[in-house]
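Data block below; observations after.
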Amino acid sequence: MKPAKFDYYRPKDVSEALSLLESSGFDGKIIAGGQSLVPIMNMRLATPECLIDINGLHDLNFIDSDDHTLKIGTMTRQSTVETSELVKKKCGLVTEAVAHIGHLQTRNRGTIGGSIVHADPSAELPLVLMALNGTLHISSEEETRSVNAEDFFLTFLTTDMMPNEMLTEIHLPIWKGRVGSSFQEVARRHGDFALVAAACQLELDAHDRISDIRLALGGVEAIPLLIEDAKELLAGEKVTDQAVQKIAELVAKSVEPESDLHASAAYRTQLAKVLTTRVLYQAYERAKG
Amino acid sequence: MSLTEVNVTINGKSYSEWVEPRMLLSDFIRESCGLTGTHVGCEHGVCGACTVSLDGSAVRSCLIFAVQADNREIKTVEGLASSGEMTTLQKNFVECHGLQCGFCTAGILMSITDFLEKNPQPSVKEIKETLSGHLCRCTGYDGIVKAVEKTVQDNNKEVLQRS
Ligand SMILES: Cc1cc2nc3c(=O)[nH]c(=O)nc-3n(C[C@@H](O)[C@H](O)[C@H](O)COP(=O)(O)OP(=O)(O)OC[C@H]3O[C@@H](n4cnc5c(N)ncnc54)[C@H](O)[C@@H]3O)c2cc1C
Numbered sequence: 002m003k004p005a006k007f008d009y010y011r012p013k014d015v016s017e018a019l020s021l022l023e024s025s026g027f028d029g030k031i032i033a034g035g036q037s038l039v040p041i042m043n044m045r046l047a048t049p050e051c052l053i054d055i056n057g058l059h060d061l062n063f064i065d066s067d068d069h070t071l072k073i074g075t076m077t078r079q080s081t082v083e084t085s086e087l088v089k090k091k092c093g094l095v096t097e098a099v100a101h102i103g104h105l106q107t108r109n110r111g112t113i114g115g116s117i118v119h120a121d122p123s124a125e126l127p128l129v130l131m132a133l134n135g136t137l138h139i140s141s142e143e144e145t146r147s148v149n150a151e152d153f154f155l156t157f158l159t160t161d162m163m164p165n166e167m168l169t170e171i172h173l174p175i176w177k178g179r180v181g182s183s184f185q186e187v188a189r190r191h192g193d194f195a196l197v198a199a200a201c202q203l204e205l206d207a208h209d210r211i212s213d214i215r216l217a218l219g220g221v222e223a224i225p226l227l228i229e230d231a232k233e234l235l236a237g238e239k240v241t242d243q244a245v246q247k248i249a250e251l252v253a254k255s256v257e258p259e260s261d262l263h264a265s266a267a268y269r270t271q272l273a274k275v276l277t278t279r280v281l282y283q284a285y286e287r288a289k290g
Numbered sequence: 181m182s183l184t185e186v187n188v189t190i191n192g193k194s195y196s197e198w199v200e201p202r203m204l205l206s207d208f209i210r211e212s213c214g215l216t217g218t219h220v221g222c223e224h225g226v227c228g229a230c231t232v233s234l235d236g237s238a239v240r241s242c243l244i245f246a247v248q249a250d251n252r253e254i255k256t257v258e259g260l261a262s263s264g265e266m267t268t269l270q271k272n273f274v275e276c277h278g279l280q281c282g283f284c285t286a287g288i289l290m291s292i293t294d295f296l297e298k299n300p301q302p303s304v305k306e307i308k309e310t311l312s313g314h315l316c317r318c319t320g321y322d323g324i325v326k327a328v329e330k331t332v333q334d335n336n337k338e339v340l341q342r343s
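From first to last, the protein sequence lines are chains A and B. Counting from 2, one number per residue, gives the positions in the first sequence under this note's numbering. Counting from 181, one number per residue, gives the positions in the second sequence under this note's numbering.
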């Protein structure tokens with residue numbers, strides 16, 4: 002029995018969960034899939050005094066869309082998202098990314114929301130959320146608010162959420178027209194956290210020129226890094242070797258990864274460059290159809 | 181902390197025990213229910229030895245608390261064979277020497293059973309990707325991959341015969 006003792010609550014609905022969060026203050030923690038929380042509890046790096054289990058909140062387990070937005074409830078399992086035809090059709094970048102999260106057995110349990118709130122800088126979902134500037138819907142007993150991904154991630158494992166708040170839904174914009182996307186990562190073994198990952202979505206006009214583009218990298222900074230200049234450099238351009246090279250150089254100059262046990266900073270920088278070129282080419286080819 | 185009652189069905193049999201909320205499902209299965217076929221390795225979700233099926237899906241039993249399995253259905257490696265007859269997958273593990281030392285085998289069998297149900301015609305790449313969720317320290321997984329590939333072939337033959 003490895004984790005420290007805790008009180009366990011199984012709220013029946015969102016309002017009960019929020020009131021438990023409010024009353025437990027800094028001692029309470031939500032448990033969703035438990036695939037990040039339980040390992041750190043087993044290692045006693047986290048010793049929450051109170052666990053609020055949201056697995057029974059079936060209202061937060063859904064995938065839905067209208068014309069403009071794909072909506073996913075926070076408790077939706079990663080494996081459900083992975084196999085959803087709706088997600089694939091409306092936002093293929095998510096489908097592609099989710100397959101890289103851990104393994105079959107962890108995706109069966111891990112949730113969309115848990116991965117986003119956990120905010121690991123190498124994690125796939127935070128990167129996709131940044132790449133598409135999705136919106137997070139967050140509730141506490143006092144208020145419900147929404148935050149864009151660009152403002153949500155603060156630093157390693159830290160987001161713009163208070164201990165009394167809960168993520169309920171994520172909303173992703175649906176792009177229309179000639180859209181292509183690509184997600185690529187290099188990990189030491191399939192299912193491991195990425196050393197570096199890249200995500201790109203772009204839209205072409207009738208002449209194969211880029212009309213909109215979002216490019217982001219994971220594993221190179223404390224939060225997913227949006228390459229804001231990509232749009233300025235590529236808008237109105239075709240994806241040529243020259244244009245891609247320009248972005249790759251820009252990326253190599255703008256990232257400042259850290260060295261660790263798994264890879265040196267220089268190797269990560271090189272990966273960032275290579276993966277940038279790969280996602281650009283692939284997204285472009287896919288948009289051309 | 182007070183104890184909580186947990187009622188589960190494991191391999192078709194009901195179990196009812198009072199446990200602390202911090203008891204991991206893996207410990208519950210082994211210690212409270214005496215089903216020691218499920219093995220415990222790393223206890224942080226990496227090695228895969230403790231994999232069981234929860235309501236039909238393979239999951240790490242070391243990353244779930246026993247209280248969370250209340251009123252749910254679990255299957256462990258002991259529940260694969262029916263009336264003493266091993267499954268095709270189990271037989272092929274024996275035949276292709278996929279068992280090796282046996283410590284991680286229970287978890288692998290549970291994962292692959294779920295995997296083949298959802299994806300009956302996997303490529304070798306997909307088989308290897310799924311096996312990457314398990315750490316086996318014996319060899320290079322060769323016999324294990326062969327056992328899974330053979331099971332896919334055997335299942336195909338069986339489907340053909342039935343149709
Ligand atoms: C072997 C292994 C490999 C993995 N590999 C990867 C990988 O390659 N890429 C990757 O991205 N992840 C990986 N993970 C982690 C992934 O599986 C987790 O699912 C994910 O990081 C957390 O989601 P969860 O639902 O399990 O959340 P939990 O572990 O339950 O929670 C994580 C954190 O989020 C909080 N939280 C959860 N839901 C909410 C909510 N709705 N509102 C407020 N707070 C909330 C919890 O309090 C906790 O702090 C791996 C895990 C394992 C065990």
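Beta carbons are placed, not taken as given, at the ideal position from N, Cα and C, and that holds for glycine.
By the three-class DSSP mapping on this structure, what secondary structure does residue i have?
i	result
lysine 13 of chain A	coil
cysteine 230 of chain B	coil
phenylalanine 283 of chain B	coil
leucine 205 of chain A	strand
cysteine 51 of chain A	strand
threonine 293 of chain B	helix
aspartate 207 of chain B	helix
alanine 100 of chain A	coil
isoleucine 211 of chain A	strand
glutamate 338 of chain B	helix
isoleucine 244 of chain B	coil
aspartate 68 of chain A	coil
lysine 271 of chain B	helix
proline 302 of chain B	coil
leucine 173 of chain A	strand
valine 325 of chain B	helix
aspartate 60 of chain A	helix
threonine 278 of chain A	helix
Under the DSSP definition of a beta bridge, which residues are partnered with residue i?
i	result
threonine 256 of chain B	In the DSSP output, where bridge partners are listed per residue, threonine 256 of chain B has none listed.
isoleucine 190 of chain B	B/Lys193 and B/Ile254
methionine 167 of chain A	A/Ser140
serine 183 of chain A	A/Cys201
valine 82 of chain A	Per DSSP, none; premise fails for valine 82 of chain A.
leucine 216 of chain A	A/Cys201
alanine 238 of chain B	B/Ser233
isoleucine 32 of chain A	A/Asp54
cysteine 265 of chain B	Strictly speaking, residue 265 of chain B in this sequence is glutamate, with cysteine absent from that position. According to DSSP, which records beta bridges pairwise, glutamate 265 of chain B is partnered with B/Ser262.
threonine 160 of chain A	A/Phe154
Cα separation between residue i and residue j?
i	j	result
isoleucine 53 of chain A	alanine 264 of chain A	37 Å
methionine 163 of chain A	valine 220 of chain B	35 Å
cysteine 316 of chain B	glutamate 306 of chain B	17 Å
alanine 1 of chain A	aspartate 193 of chain A	Since the displayed chain A opens at 2 and closes at 290, residue 1 of chain A lies outside it and no answer follows.
valine 239 of chain B	proline 127 of chain A	23 Å
threonine 96 of chain A	serine 182 of chain B	42 Å
glutamine 301 of chain B	leucine 251 of chain A	43 Å
phenylalanine 7 of chain A	glutamine 248 of chain B	14 Å
glutamate 265 of chain B	glutamine 341 of chain B	20 Å
glutamate 50 of chain A	arginine 210 of chain A	55 Å
valine 180 of chain A	lysine 337 of chain B	42 Å
alanine 207 of chain A	glutamate 233 of chain A	19 Å
threonine 81 of chain A	serine 291 of chain B	17 Å
lysine 72 of chain A	glutamate 200 of chain B	37 Å
threonine 319 of chain B	serine 237 of chain B	27 Å
serine 141 of chain A	serine 263 of chain B	53 Å
serine 24 of chain A	lysine 247 of chain A	53 Å
Beta carbon of residue i: closer than 8 Å to some heavy atom of ligand 1?
i	result
histidine 59 of chain A	no
lysine 30 of chain A	yes
proline 40 of chain A	yes
leucine 243 of chain B	yes
valine 226 of chain B	yes
serine 37 of chain A	yes
phenylalanine 194 of chain A	yes
glutamate 166 of chain A	yes
glycine 115 of chain A	yes
methionine 76 of chain A	yes
isoleucine 288 of chain B	no
leucine 203 of chain A	no
isoleucine 102 of chain A	yes
threonine 136 of chain A	no
leucine 205 of chain B	no
aspartate 121 of chain A	yes
Residue ranges of each alpha helix (DSSP H) within the region 120-158 of chain A, 4 or longer: 125-133 and 150-153
Ordered list of alpha helix (DSSP H) runs contained in the region 220-263 of chain A, each at least 4 residues: 230-235 and 242-255
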